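Protein chains in written order, with the numbering used here: chain A, 114 to 322; chain C, 114 to 322; chain H, 114 to 322; chain R, 114 to 322. Don't be surprised by glycine CBs; every beta carbon is placed ideally from N, CA and C. All figures in this text were calculated on a predicted structure; none of them were measured in a lab. Here the structure is laid out as C-alpha cells; the discussion comes afterwards.
4 protein chains.
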Amino acid sequence: MVGTRRSLREVLGPVRTKEIEEAALRVIAARGLEGATMQAIADEAGLAKGTLYLYFEGRDELLIHLAESAFEELLASVDAALSGTEPARTRMEAGIAAQFSFFESRRDFFRVFVEVVHPGGAASARRKRSCNPLYQSFVSRFARFFREAHANGELHAPLPERLALFMAEGVNGLILNRLSEPNPPLPDEEVRWIVDSVLNGIEIRRSSS
Amino acid sequence: MVGTRRSLREVLGPVRTKEIEEAALRVIAARGLEGATMQAIADEAGLAKGTLYLYFEGRDELLIHLAESAFEELLASVDAALSGTEPARTRMEAGIAAQFSFFESRRDFFRVFVEVVHPGGAASARRKRSCNPLYQSFVSRFARFFREAHANGELHAPLPERLALFMAEGVNGLILNRLSEPNPPLPDEEVRWIVDSVLNGIEIRRSSS
Amino acid sequence: MVGTRRSLREVLGPVRTKEIEEAALRVIAARGLEGATMQAIADEAGLAKGTLYLYFEGRDELLIHLAESAFEELLASVDAALSGTEPARTRMEAGIAAQFSFFESRRDFFRVFVEVVHPGGAASARRKRSCNPLYQSFVSRFARFFREAHANGELHAPLPERLALFMAEGVNGLILNRLSEPNPPLPDEEVRWIVDSVLNGIEIRRSSS
Amino acid sequence: MVGTRRSLREVLGPVRTKEIEEAALRVIAARGLEGATMQAIADEAGLAKGTLYLYFEGRDELLIHLAESAFEELLASVDAALSGTEPARTRMEAGIAAQFSFFESRRDFFRVFVEVVHPGGAASARRKRSCNPLYQSFVSRFARFFREAHANGELHAPLPERLALFMAEGVNGLILNRLSEPNPPLPDEEVRWIVDSVLNGIEIRRSSS
DNA sequence: AATGAATGAGTATTCATTCAT
DNA sequence: TATGAATGAATACTCATTCAT
C-alpha cells in the first residue's frame, strides 16, 4: 500500500514533466519561442502557472530540458542510421535522412533548436551555455562516422569534425529553407542530391585523354 | 565659413547614426541581441535614450538598419570576389574567403545576422519579415556563380540555389564554430579545405583496374 | 466549508475590481484625469502596478469601466425619478435632483464624466468613441420624459432631445460651478429654481388690461 | 534709425506671438489638444521648437494665452450683442447667436475652450487655475444682462449669475452636440428656439375658466 | 534672434517568479 | 500537490524643456 503510494508519486513526476514539455512544444509551434510564456504553457497543459515550478526550476530550465529530450531522440535515430555495415554512402544518406525527418516532423521546434543550440544567441544571458554540448554530441556522431570511414579508406575526410559541422549546418540550412518553400522536393531526393554532391564533388574533371 | 557650419550639421547626422550603430554592435557583442536594450545602447553610445529615437524610428528599425549596413559591405565584397575570369575554383575560394573575413572581422555581429536573417526567429513577430531578402541576396550571389559555372561546364551544379544555400550555411557553421575554438586554423587554410572538399568530393573512388 | 473557500475566491475578484475603481476615483479627484497614472492608482489601492492588469485590460478599459459603473447608478436613479404618475413638474424636479445628488456625491468623478463623455476630448484618440452612448442614454431619459409630457399636454416641448440636452448641460454647469463656490445654496433650492425658471419662463408678460 | 530698429523688434514680438498662436490653433484643429505637441506647433509655424520658448514660457502658457486671445474676441462680440436699447429678447438672441457663431467658426477650438476653461480639468495639475476667470468673464456678461433686465422689469431673473451659467452651459451643450449632428438646424433657428423656450417657459398653463 | 540636437523623467504594459492558501 | 493572485523589475517609446552654436 505504502509502496503503491510512493510509486504513484514517483510515476506522476515524470508524467507531469512530459505533459508540460509537450504542452510547451505545442505552444512554441503555435506562437513562437517568444510567445511561449509560462502562462501560455500552463494553460496549454491545463495546469496552474505555479505548478510548472514544481517540475522545472524556471523557464530556462524548461526550455533546455525540452531541447535535451528532443536531442536524445535525434541522437538515437542518427546513431542507428550511421552504424551498420553498409557502404559509407548508404549510411550517410540514412544519417542525413534522419536529420531531415527529425526536423521536418518538428519543424516548429527547429527554431528552439537553433536558438538554444547556438551559444551566445539571443537570450543567452539567461540561458546556461551548457546547451551547446547537445549540438556537439549531434555533430560528433557524424564526425565519428567520417573518422571511421576515413580510416576504412571509404572516404577522404582528414578533418572529420569540421566536415561534420559543415555538413550539419549546410543540411540545416536546407531544411530551414524548406520551411518557406511552397513545394519543396521530397526529402529523399534532397538527401540523395546532397550526399551525391559531397561524395562525388561538383567539379567537372576533364579527362586528359 | 557659413558653408562649413552647415556642412558640420549635415555631417553630424550620419556620424551619430554610425556611432549608434557601432555602440549597438558592441552591446550585442557583449550581451546578446536580447540584451541590446535601447537603454544599454544609449549608455554605450554615451547618449540619452531619447536621442536614439532622433536617428532611428525604434528598436526594430535600428537592428534592421544594422543588418542592412553590414550586408551591403558583405555583398560588395562577395560580388567582387566571385566575378572575374579566373577559374571557378579560384573565384569560389575568394568568395568564401570574403564570407569568412566579413564574419571574422565582425564576429559579434554574426548573431544579429543569424537572427535577423532567419525568418521566424525569436523576436520576429515584431520585426518585419522583409529582412529575409538580405540573406536571399547574399545566397543568390553564390547561386548565380554556380549557375554560370554550370553553364560553362566548369562545375556540375544542377541545383545552384540549393547548393549555394547549403554552402553558405555550412560555411557559417564553421565560422560560428571558430568563435568558440581556442586555436582555429588560418581562415585561408579552412577556405581551401572547404572548396577542395566540395569540388573534388570526399569519396574515394577505387580504380577499377 | 469548502464552499466558503471557493466563494471567497470568487468574491475577491469583484472586490478588487471595486477597490481599484475606488482608488482610481480618489486619484482622479486628487490629481486629475491626466494625473491618474497606473502607478498612482496602484499606489492608492495599495497594490502593485501589475496587479491592475489582472483586473483591467489596460488604462483605457479601467477608465471606461469607471464611467460605465457610475452611469449605471445615475441612469437607475434618474429613471426612478422621472417615472411615476405625479405631475411633470414634480417628476422633473426629482430627475434633476437625482442628477444633482449623483454628481454632488461624486463630485470628483465629474471630470471623468465630462471628459470621457464628450467625444473628441483630449485623450480621445486612444479611447474608444463608444463611451458617448453613455451620455446619450442619460440625456435620452430626459428626452423621453419631455416627449411624453409634450404628448400629455403637460409641457410644450416640440424638440425634446434638444431640450433634454440643453437642460442636462445647463444643470451640469451649475453643479460644476458649485464645486468652486464657497457656500452654494442647498441643492433642493437650486433644483426648484431651475425647474421653475424653465417651466414658467423668465419673461415678464405685462397684462394687457 | 535706432528708433526704427527698436520698433522692428517691438513689432516682431507680437507678430510672432500671433503666428504661433494661429499655428497652434491649426494643429489643435487637426490633431486634438493632446496631439498639439510643441514640435507639431513649431512645424506648423515654420519655426524651430526652441523658438517657441522665446515667446511663451512653456506649453501651458501658450495654451492659456490661446484661450485668452480667443476669449477677448468672444467677449467683444457678446458685449456688442447684449448692449443696446432693443428689448431684452432681441438682445438675448443676439448674444446667444454670438456665442453660437464664435464656436461654430472655431469648432475645433471648442475643445480647448472646454478643457482649459473648466477648472481642475485633465491637465490641471500643471495648468494654472487662473484660466477660470476667462469663463467667468464670459458668463458674467450674460449675468449683467440678466441683472439689468431684471431691474428693468423686462425679465424675472432674481439669480442672474446662476441663470447666466445655466444658459451658457446649456447653449454650449447644444453647440457641442451640433458637431456630431449630420444636419443640424440653422443656428438662427436654434437660437430663437432656445430664447423662446427660456423666456416663455415650457409649461402649458391651463386657463382657469 | 533662432536653431534643433540632446536630454531624461515619465508612461503603459509584460511576464517570470513567489508564496499564502 | 496544486493553485493563481500578487509582485515589480524591465522595456520601448514620448515629449516638454534646455542650451551650445
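- Task: May I have the straight-line CA-CA distance separating Leu268/R from Leu292/R, to the nearest angstrom?
- Result: Here the question's residue 268/R lines up with position 155 in the fourth sequence. Here the question's residue 292/R lines up with position 179 in the fourth sequence. Cα-Cα distance, rounded: 31 Å.
- Query: From Glu303/A to Thr198/A, what distance separates their C-alpha atoms?
  - Reply: As a first step, residue 303/A is located in the first sequence; it is residue number 190 there, counting from the start. As a first step, residue 198/A is located in the first sequence; it is residue number 85 there, counting from the start. If you take the alpha carbons of Glu303/A and Thr198/A, they lie about 23 Å apart.
- Message: Quick check: what's the CA-CA separation for Glu132/R versus Leu138/R?
- Response: Residue mapping note: residue 132/R aligns to position 19 of the fourth sequence, counting from 1. Residue mapping note: residue 138/R aligns to position 25 of the fourth sequence, counting from 1. Across the structure, Glu132/R and Leu138/R are spaced so that their CA atoms are roughly 10 Å apart.
- Item | Cross-chain neighbours of His269/H in chain R, by beta carbon under 7 Å | Taking the third sequence and counting its residues from 1, one reaches residue 269/H at position 156. Within chain R, the residues near His269/H are Ile315, Ile317.
- Task: Report the residues of the region 265-291 of chain R with a CB closer than 8 Å to any CB of chain H, ordered along the chain.
- Result: Gly266, Glu267, Leu268, His269, Ala270, Leu272, Arg275, Leu276, Leu278, Phe279, Met280, Ala281, Glu282, Gly283, Val284, Asn285, Gly286, Leu287, Leu289, Asn290
- Please classify Glu316/H: does DSSP put it in a helix, a strand, or coil? On the third sequence, residue 316/H is found 203 positions in, with the first residue counted as 1. The answer is strand: DSSP assigns Glu316/H an E or B state.
- Query: Using 9 Å as the limit for Cβ to Cβ distance, is Glu303/H near chain R?
  - Reply: Here the question's residue 303/H lines up with position 190 in the third sequence. Closer than 9 Å: yes.
- Alpha-carbon spacing of Val128/H relative to Ala189/H, whole angstroms: Looking up residue 128/H in the third sequence gives position 15. Looking up residue 189/H in the third sequence gives position 76. Roughly 22 Å separates the two Cα atoms.
- Message: Please report the straight-line C-alpha distance between Leu289/C and Ala161/C, rounded to a whole angstrom.
- Response: Counting from one through the second sequence, the residue named residue 289/C turns up at place 176. Counting from one through the second sequence, the residue named residue 161/C turns up at place 48. Using only the alpha carbons, I get a separation of about 33 Å.
- Option nearest Gly163/R by Cα separation, candidates Glu157/R, Gln152/R, Arg260/R: Here residue 163/R corresponds to residue number 50 of the fourth sequence, with the count starting at 1. The candidate whose alpha carbon is nearest that of Gly163/R is Gln152/R.
- Item | Buried or exposed by the 16-neighbour rule on C-beta atoms within 10 Å, applied to Arg254/H | The count along the third sequence starts at 1 and reaches residue 254/H at position 141. When all chains shown are included, Arg254/H counts as buried.
- Task: With a floor of 3 residues, list each beta strand (DSSP E) that falls wholly inside the region 142-212 of chain A, ordered by position along the chain.
- Result: Whole beta strand (DSSP E) segments, 3+ residues: zero.
- Item | DSSP bridge partner residues for Leu278/A (one or two, in chain order) | Counting from one through the first sequence, the residue named residue 278/A turns up at place 165. Answer is none; Leu278/A lacks a bridge partner.
- Query: For the candidate residues Asp309/H, Asn265/H, Ala264/H, Gly159/H, whose alpha-carbon lies nearest to that of Met280/H?
  - Reply: Stepping through the third sequence from its first residue, residue 280/H is reached at position 167. Nearest C-alpha to Met280/H: Asp309/H.
- Answer with buried or exposed for Gly208/C, where buried requires no fewer than 16 other C-beta atoms within 10 angstroms of its C-beta. Reading the second sequence from its first residue, position 95 is the one you call residue 208/C. A buried status is given to Gly208/C, since no fewer than 16 other beta-carbon atoms sit within 10 Å of its beta-carbon.
- Message: Buried or exposed, going by whether 16 or more other CB atoms sit within 10 Å of the CB of Arg240/H?
- Response: Taking the third sequence and counting its residues from 1, one reaches residue 240/H at position 127. Unreliable placement is indicated for Arg240/H, whose pLDDT of 33 sits below 50; the coordinate value is still reported in the next sentence. By the neighbour-count rule (16 or more Cβ atoms within 10 Å), Arg240/H is buried.
- Please report the Cβ distance between Phe258/H and Phe184/H, rounded to the nearest whole angstrom; I am assuming they are in contact, meaning their Cβ atoms lie under 8 Å. Position 145 of the third sequence, counted from the start, is the residue given in the question as residue 258/H. Position 71 of the third sequence, counted from the start, is the residue given in the question as residue 184/H. Going by Cβ atoms, the distance from Phe258/H to Phe184/H rounds to 18 Å, so no, they are not a contact pair.
- Task: Going by CA-CA distance only, name the one from Leu175/R, Glu316/R, Ala142/R that's closest to Gly266/H.
- Result: What you label residue 266/H is simply residue 153 of the third sequence in a count that begins at 1. The shortest C-alpha separation from Gly266/H is found at Glu316/R.
- Task: Please determine, among Pro246/H, Ala211/H, Leu176/H, Glu261/H, the residue with the shortest C-alpha to C-alpha distance to Val284/H.
- Result: For the purposes of this step, residue 284/H is taken as residue 171 along the third sequence, with counting starting at 1. The option with the nearest alpha carbon to Val284/H is Ala211/H.
- Message: If the cut-off is 9 Å on Cβ atoms, which residues from the region 145-161 of chain A count as contacting chain C, listed in chain order?
- Response: Gly145, Leu146, Glu147, Gly148
- For Leu268/R: DSSP bridge partner residues: Walking along the fourth sequence from the start, residue 268/R turns up at place 155. In the DSSP output, where bridge partners are listed per residue, Leu268/R has Glu316/H.
- Going by CA-CA distance only, name the one from Glu170/H, Asp156/H, Leu176/H that's closest to Glu147/H. Position 34 of the third sequence holds residue 147/H. Measuring from the Cα of Glu147/H, the nearest candidate turns out to be Leu176/H.
- Does the beta-carbon of Gly314/R have 16 or more other beta-carbons within 10 angstroms, so that it is buried, or is it exposed? Within the fourth sequence, the letter at position 201 stands for residue 314/R. Flag for Gly314/R reads buried.
- Query: What residues in its chain sit with their C-beta under 6 Å from that of Ala236/H, if we drop five residues either side in the sequence?
  - Reply: As a working mapping, residue 236/H is identified with position 123 in the third sequence. Legend: pLDDT at Ala236/H = 34, less than 50; position of this residue unreliable, no value from coordinates given.
- Query: If contact means a Cβ-Cβ distance below 8 Å, which residues of the region 176-198 of chain H contact chain R?
  - Reply: none
- Message: Please state the DSSP three-state secondary structure of Met114/A.
- Response: Stepping through the first sequence from its first residue, residue 114/A is reached at position 1. Confidence is the limiting factor: at Met114/A the pLDDT is only 49, short of 50, which leaves the residue's position unreliable, though a coordinate-based value still follows. Coil, per DSSP.
- Task: Say whether chain C places a C-beta atom closer than 9 Å to the C-beta of Ile307/A.
- Result: Numbered from its first residue, the first sequence carries residue 307/A at position 194. Ile307/A counts as touching chain C.
- Message: Quick check on this structure: which residue in Ile154/H, Ala201/H, Gly145/H has the alpha carbon closest to the alpha carbon of Ala264/H?
- Response: The sequence position of residue 264/H within the third sequence is 151, counting from 1. The residue with the shortest Cα to Cα distance from Ala264/H is Ala201/H.
- Message: Buried or exposed for Arg318/H, going by 16 or more other Cβ atoms inside 10 Å?
- Response: Counted from its first residue, the third sequence places residue 318/H at position 205. Burial call: exposed.
- Item | Val124/H, buried or exposed, once every other Cβ within 10 Å from all chains shown has been counted against 16 | In the third sequence, residue 124/H corresponds to position 11, counting from 1. That one is exposed.
- Val311/A touches chain C at which residues, Cβ-Cβ below 8 Å? In the first sequence, counting from the first residue as 1, residue 311/A sits at position 198. Near Val311/A (Cβ distances below 8 Å), the residues of chain C are Ser310, Val311, Gly314, Ile315.
- Give a yes or no on whether the minimum CB-CB distance between Arg260/C and chain A is below 9 Å. On the second sequence, residue 260/C is found 147 positions in, with the first residue counted as 1. No, Arg260/C does not count as interfacial toward chain A.
- Message: Taking the straight line between their C-alpha atoms, what separation do you get for Ala142/R and Leu247/R?
- Response: One-based indexing of the fourth sequence puts residue 142/R at position 29. One-based indexing of the fourth sequence puts residue 247/R at position 134. For Ala142/R and Leu247/R, the distance between alpha carbons rounds to 21 Å.
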